[in-house]
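Peer 1:
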Amino acid sequence: MDKSLALDPEANAASLSDITSDRLPPTAEEKQKLREIAGHITWVSYLLCIVELAERASFYGCKTVLNNFLQFSLPNGGNGAGAVAKDNPNGHAGALNRGLRFASAMVLLFNFLAYVIPIFGAWLSDTKTGRSRAIMYGVIIGGVAHVIMVGGAAPAVLKAGNGLAPFMISFFLLAIGAGIFKPNLVPLLIGQYTDQGEFVKTLKSGERVIVDPDDYPEDHVDLPHVP
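If you use the working numbering, the sequence shown corresponds to residues 1078 to 1304, in order.
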């Protein structure tokens, strides 16, 4: 069993402080008479969602600026790190001045790696490391990539014409980190919810209810009727 699925069913059940449970599937009669409530979502699941948001923000934040950074030269009057001058907001941001062909090729390569490396990332977690450790490796590699990328965009480095080497190192490291991270987080997130079917619980108030893993609070919101 994958060691990364650290939350066992008993631990999850104990975390429901307001509910005691016999976890029996509902009968046909109970389905007609008992009220349904949404399943419980663990705090670990929310933390994993935050981690996923942070990783995607860093990935797409870098991807968005790659083309200009590679294609154009440093703008006159800018901050020396690629930004345009304040008095010319419509100018081209840039740094490495490698031209359109090189920039387009690198952006396409980045997209290609983002879809190919996850195959390796999934294999790595399933056969070698487990999902939690694979995610940790992906985060560390991606973090190192960002540090190198920021350092390679320092004004002194770009002015000396030495920006390409650190950029290329960070470029591939970021793709590798994302490729290891991405295919493992969602399966780990899904694995935190151990109940895969409906079951009956008894609330502390004495009311017996059906817990439906596919039921969400928003499913019961009464929206105004639009004629």
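Think of the CB as a built atom: it goes at the ideal place given N, C-alpha and C, for glycine as much as any other residue. Every value quoted in this text rests on a predicted model; they were computed, and no experiment measured them.
Starting from residue 1236, trace the alpha helix (DSSP H) in both directions and tell me its first and last residue.
Peer 2: Translated into positions along the sequence shown, residue 1236 becomes position 159. Its alpha helix (DSSP H) spans residues 1232-1236.
Peer 1: Give the secondary structure of residue 1191 by DSSP, where H, G and I count as helix, E and B as strand, and everything else as coil.
Peer 2: Counted from its first residue, the sequence shown places residue 1191 at position 114. In this structure, residue 1191 counts as helix in the three-state DSSP scheme.
Peer 1: Report the option in 1222, 1257, 1190 whose CA atom is closest to the CA atom of residue 1214.
Peer 2: Position 137 of the sequence shown, counted from the start, is the residue given in the question as residue 1214. Per the Cα distances, 1257.
Peer 1: If you draw a straight line from the C-alpha of residue 1279 to the C-alpha of residue 1254, how long is it?
Peer 2: Counting from 1 along the sequence shown, the entry for residue 1279 is found at position 202. Counting from 1 along the sequence shown, the entry for residue 1254 is found at position 177. In a straight line, the C-alpha of residue 1279 is about 45 Å away from that of residue 1254.
Peer 1: Quick check on the burial criterion: 16 or more other C-beta atoms within 10 angstroms. Buried or exposed for residue 1228?
Peer 2: One-based indexing of the sequence shown puts residue 1228 at position 151. Counting Cβ neighbours within 10 Å, residue 1228 comes out exposed, since fewer than 16 surround it.
Peer 1: For residue 1184 versus residue 1143, is the C-beta spacing smaller than 9 Å?
Peer 2: By 1-based counting over the sequence shown, the position of residue 1184 is 107. By 1-based counting over the sequence shown, the position of residue 1143 is 66. It is a contact, given that the beta carbons lie within the stated cut-off.
Peer 1: Let me check one thing: in DSSP terms, what residues is residue 1259 bridge-paired to?
Peer 2: Along the sequence shown, read from residue 1 onward, the residue named residue 1259 stands at position 182. Paired residues: none, contrary to the question.
Peer 1: Taking 9 Å as the cut-off, decide whether the C-beta atoms of residue 1198 and residue 1261 are in contact.
Peer 2: If you number the sequence shown from 1, residue 1198 lands on position 121. If you number the sequence shown from 1, residue 1261 lands on position 184. Cβ atoms of residue 1198 and residue 1261: closer than 9 Å.
Peer 1: Compute every distance between the C-beta of residue 1197 and the non-hydrogen atoms of the ligand ZN, then say whether any falls below 8 Å.
Peer 2: Questions concerning the ligand ZN fall outside what the structure shown contains, since it holds no ligand whatsoever.
Peer 1: Would you identify the three-state DSSP class for residue 1289, choosing helix, strand or coil?
Peer 2: Here the question's residue 1289 lines up with position 212 in the sequence shown. Strand.
Peer 1: Out of curiosity, what's the CA-to-CA distance linking residue 1266 and residue 1119?
Peer 2: In the sequence shown, counting from the first residue as 1, residue 1266 sits at position 189. In the sequence shown, counting from the first residue as 1, residue 1119 sits at position 42. C-alpha separation (whole angstroms): 10 Å.
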